Amino acid sequence: MAVAEVSQRKKAEAGRAVAEAPVGLIRRAQLSVGLLRNFAYDALRFWHHSYLLGATRRQHLAARILADAHFLEYGMALSDAQPGFGRARAVRLARDLSRYAPQAGEDVTVTTGLGVLEAYLAFNAPVPEGLGPIRDAMAGLKARGAEEVQTGVETVRRAQVQAAAKVDFLEFVRARHSVRSFVPGPRPDEEIRRAVLAAREVPSSCNRQTCHVHAYTDPDLLNRVRKLQAGNRTFGHQLSGILVVTSDLGRWETIGERYQPWIDGGLFAMTLAYALHAEGLGTCMLNWSVERQQDRKLRKLMGLDDSRLVVVLIGIGWMPEEFSVCASQRLPVSEILSLNQRLDG
Ligand SMILES: Cc1cc2nc3c(=O)[nH]c(=O)nc-3n(C[C@H](O)[C@H](O)[C@H](O)COP(=O)(O)O)c2cc1C
């Protein structure tokens, strides 16, 4: 095949390699070693940055403060809430706050931790044996709290929840497509801010909120970032923004949580994509399913701390009046849902 023909073909595949020949022995060995090295890359980063071996860094303490605060709120919100529930967590929370807060300045983590401890002490009043030191620790920390935050337990009414949730969700999700044609428009900075405000509401493991959005709408920055992602090659030049969603490895603790950054990151990214859809923007998820060398390139370009794991990128832009999208037929519900399947165990 002529070189021109091959390059033409490559272009038609949007830069994606298409495997044709059966994989030979040497290639199989190379792929296997490559896979192991990439597993090692992920595992070492988790090992190095998480607080699996102890909460020694500030981001570890911040994560544990939010997780313990969550645990106490959870205990108080139970329908048969038990006084004294979570005592060990409350003690640890007060201790962590004493270590974390003195350097914190204005910090929502501190206000959240303190607010929950206050609610916890009120819930358990009079202050039970062993919790006195919490009071003392809190007295010294109070002045450092940041803005007003909502902590403890709140009462909501079913009618209110259901009224607010009464949207035609099926219509909303069916109107979203992966958009790959865009027209020029204003920088969508305000839309991104509002979408992130909405995406914050996504559930996160123990409310640790490990995700961050690195948004690029400046054309020069956007171009440099997008060039490292293969899946936008055919339309990336039309984008008005590119968002890089990351999760902080320093906020994960246990071995079982080793894949949680991708899980929480995925949930966050999809909520963000829906929020952008609600803002009238077209979006296209851009995979970051890359090998370590490529990952390092992007992190270097962005100056991203090694503790931040890139989950996915999202391309955003203004939609034309009329444009084509993939029909992307979905599989039938019967193939996706198993309802009350027989249990073998
Ligand atoms: C994690 C993830 C990564 C994706 N990466 C790309 C990408 O790099 N380029 C692209 O054009 N589409 C990408 N997509 C879009 C999918 O191809 C698309 O969601 C799917 O075909 C269904 O089409 P729809 O989104 O229009 O419903 C990605 C989707 C997901 C969820």
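The sequence shown begins at 1 in UniProt numbering and counts up one residue at a time. Don't be surprised by glycine CBs; every beta carbon is placed ideally from N, CA and C. Being a predicted model, the structure only gives us computed values, none of them experimental.
CB contact flag (GLY282, VAL179, <7 angstroms)
Yes, the pair counts as a contact, with Cβ atoms nearer than the cut-off.
Would you decide whether PRO219 is buried or exposed? Buried here means 16 or more other CB atoms lie within 10 Å of its CB.
exposed
Quick check: what's the CA-CA separation for GLY236 versus PHE169?
Taking the straight line joining both Cα atoms gives about 29 angstroms.
With C-beta atoms as the reference, is LEU304 less than 7 angstroms away from ASN232?
no
Just to check my reading of the structure: ASN38 and ARG292 have Cβ atoms closer than 8 angstroms, yes? What is that Cβ distance to the nearest angstrom?
6 angstroms
Helix, strand or coil for residue 424? Go by DSSP, reduced to three states.
Given a span of 1 to 345 for the chain in the structure shown, any question on residue 424 remains unanswerable.
For GLY256, which of helix, strand or coil comes out of DSSP?
GLY256: helix per DSSP, three-state reduction.
Residues sharing a beta bridge with LEU313, DSSP
VAL244 and LEU286
SER79, DSSP secondary structure in three states
coil
Would you kindly check if the distance between the Cβ of LEU72 and the Cβ of VAL116 is under 7 angstroms?
Yes, the pair counts as a contact, with Cβ atoms nearer than the cut-off.
So for SER32, helix, strand or coil by DSSP?
Assignment of SER32 by DSSP, reduced to helix, strand and coil, places it in the helix class.
Which ranges would you report for the alpha helix (DSSP H) in the UniProt domain "Nitroreductase" (173-229) if only whole runs of at least 4 residues count?
189-199 and 219-226
Identity of the residue in VAL312, ARG64 and ALA21 nearest SER289 by Cα
VAL312
DSSP state of residue 348 mapped onto helix, strand, coil:
No answer is possible for residue 348: the residues shown for the chain start at 1 and end at 345.
So who's on the other strand from TRP318, going by DSSP bridges?
VAL183
Are the region 185-194 and the region 205-225 touching, with three or more C-beta to C-beta distances below 8 angstroms?
When C-beta atoms of the region 185-194 are compared with those of the region 205-225, three or more pairs fall below 8 angstroms, so the two segments count as touching.
GLN293, enclosing alpha helix (DSSP H) - first and last residue
Taken as a continuous stretch (DSSP letters only), the alpha helix (DSSP H) holding GLN293 covers 292-302.
Output yes or no for whether 7 angstroms exceeds the beta carbon distance between HIS49 and GLY315.
no
What is the C-beta distance between ASP96 and LEU121, in whole angstroms, given that I count them as a contact (C-beta under 8 angstroms)?
Taking C-beta atoms under 8 angstroms as the contact rule, ASP96 and LEU121 fail to qualify, at a distance of about 16 angstroms.
HIS177 Cβ short of 6 angstroms to ligand 1 heavy atom set:
Distance from the C-beta of HIS177 to the nearest heavy atom of ligand 1 is below 6 angstroms.
Grouping DSSP H, G and I as helix and E and B as strand, with all else coil, what is ARG330?
coil
At a cut-off of 6 angstroms, is ALA340 close to ligand 1 when judged by its beta-carbon and the heavy atoms of the ligand?
Reading off the sequence, residue 340 comes out as Asn, not Ala. The answer is no for ASN340.
What are the boundary residues of the alpha helix (DSSP H) that ARG99 is part of?
87-100
Helix, strand or coil: how does DSSP classify ARG45 here?
helix
Return the CA-CA distance between ASP295 and VAL202, expressed in angstroms with no decimal places.
26 angstroms
Who are the Cβ neighbours of VAL153 in its own chain at under 6 angstroms, not counting the five residues just before and after it?
MET76 and ALA77
Measure the C-alpha to C-alpha separation of GLU257 and CYS206 and round it to an integer number of angstroms.
11 angstroms
Could you tell me the distance, in whole angstroms, from the CA atom of LYS54 to the CA atom of GLY84?
For the record, residue 54 in the displayed sequence is Gly; it is not Lys. One C-alpha to the other measures close to 26 angstroms.
Under 6 angstroms from any heavy atom of ligand 1, does the C-beta of CYS211 make it?
no
Please list, in chain order, all residues of the same chain as ALA273 whose beta carbon is under 7 angstroms from its beta carbon, the five residues on each side excluded.
THR283, MET285 and ILE314
Using C-beta distances below 8 angstroms, list every residue in its chain close to ARG308, excluding the 5 sequence neighbours before and after it, in chain order.
The answer, listed in chain order, is HIS212, THR246, SER247, ASP248, LEU249 and ARG299.
Please say whether ALA199 and ALA125 have beta carbons closer to each other than 7 angstroms?
no
Measure the alpha-carbon distance for SER334 versus ASN223 and round it to whole angstroms.
42 angstroms
Roughly how many angstroms separate the alpha carbons of LEU25 and LEU36, rounded to a whole number?
17 angstroms
Exposure of GLU253, with buried meaning 16 or more beta-carbon neighbours within 10 Å
buried
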